[in-house]
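Just so you know, the UniProt record's numbering puts 262 at position 262 of the sequence shown, and the rest follows in order with no gaps.
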Amino acid sequence: MPLSLLDRSRTRAGEPDALALAATIERARRAEELGYHRFWVAEHHGVPGIASGSPAVLAAAVAARTARIRVGSGGMMLPNHAPLVVAEQFAVLESLHPGRIDLGLGRSLGFSAPVRQALGATDADPERFLADVDAVRAFLAGRGPITAMPRLPAPPPLFLLAGRHGLTLAARAGLPVAVGGAPPDLVETLAAYRRDVRAAGGEPYVIAGVTVMIAETEERARDLLLPEAWAMAASRATGAFPPLEDVDAVRDRPRTPKQRASVERFLAQAVYGTADQVAERLGRLARQGVDEVMATTSTYDRAEQARADAALAGLFTP
């Protein structure tokens, strides 16, 4: 089963934001050496904990520092962009790095009302989104009302980012899908997607975005997920997604009942433990109809993150 990484350029407490971007590029270089299939970067605006606001620019930097790994967006949020601009950006990337670029498209709005207002994007209507997806496809294929430059012999592959309900939109568009998490009814949900995408004339392909962490013990792997889990819990209370903090700083921090519940929900949706435990759980995802796993994990300690990336890459090496 192909393994890939999504890196959101998470900032760390006490570090300059620029370091998060440099770390993303370095992580991509290691991912290529380890044999990962893809390396995607994200789009978030006005979020203190995430330095990546321009996936096309960051993907260009990643692709320039790597040679073989596929590089893409996870994703370009179409409510924030004109379809022509997205097509032009990724046509440039594909021209510079032919056969290595993926274009993941999503319809999420900004993290907060001020961000949405600053972007001028307040409408995530699914029908408008599908129309914009079709427009991007047309421009990339040279079928738009104007010519998107540079012209391509073949466009980069498109993927739709989807939650559980977004699979329906991906099926209607006849496109591969990158779905977050693993809902309880995954087998039935993916079976419906595969049936409907074929009916739309497409070829089904499912990437599961999963929080994955491998360590020497299950307890240590759980601890390494706590900085991200705590940041998620904090964002629900404050409306701001904070930089990652050291495990020791958050492990015993007092939490309200709501915050404890948020942390436990995050951990319940993650795949973590020893290498053998994680291999078994990811194998279960493959048996449920997932074609590829894209690990979305962040932790405060970058050395621990690098070790976890190496351990994950080694799980399915012959």
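Quick reminder that beta carbons are idealized off the backbone N, C-alpha and C, glycines included.
{"Check": "Run through the DSSP bridge pairs and tell me what residue 214 is partnered with.", "Outcome": "273"}
{"Check": "Across the region 104-123 and the region 56-68, are there enough close Cβ pairs to call them in contact, namely three or more that are closer than 8 Å?", "Outcome": "no"}
{"Check": "If I measure Cβ to Cβ from residue 305 and keep anything under 6 Å in the same chain, skipping five residues before and after, which residues do I get?", "Outcome": "299"}
{"Check": "Select from 22, 29, 47 and 33 the residue whose C-alpha is nearest the C-alpha of residue 113.", "Outcome": "47"}
{"Check": "When the Cα of residue 86 is compared with those of 175, 54, 110 and 98, which residue comes out closest?", "Outcome": "54"}
{"Check": "Quick one: what's residue 39 bridged to in DSSP?", "Outcome": "5 and 71"}
{"Check": "With a cut-off of 8 Å on the beta carbons, I'd call residue 369 and residue 222 a contact; round off their distance for me.", "Outcome": "As displayed, the chain neither begins before 1 nor continues past 318, which places residue 369 out of reach and without an answer."}
{"Check": "Within 10 angstroms of its Cβ, does residue 146 collect 16 or more other Cβ (buried), or is it exposed?", "Outcome": "exposed"}
{"Check": "Contact defined as beta carbons within less than 8 Å: I believe residue 31 pairs with residue 51. What is the distance between those atoms, to the nearest angstrom?", "Outcome": "Between residue 51 and residue 31 the Cβ distance is about 18 Å, and since that is not below 8 Å, they are no contact."}
{"Check": "Hey, which unbroken runs of the beta strand (DSSP E) at 3 residues or more fall wholly within the region 208-259?", "Outcome": "212-214"}
{"Check": "Does the region 95-107 come within contact of the region 154-169, defined as at least 3 CB pairs closer than 8 Å?", "Outcome": "yes"}
{"Check": "Using three-state DSSP, classify residue 88 as helix, strand or coil.", "Outcome": "helix"}
{"Check": "Which partner residues of residue 292 appear in the DSSP bridge assignment?", "Outcome": "207"}
{"Check": "Could you give the residue range of the alpha helix (DSSP H) that holds residue 57?", "Outcome": "55-64"}
{"Check": "Express the C-alpha separation of residue 224 and residue 72 in angstroms, rounding to a whole number.", "Outcome": "26 Å"}
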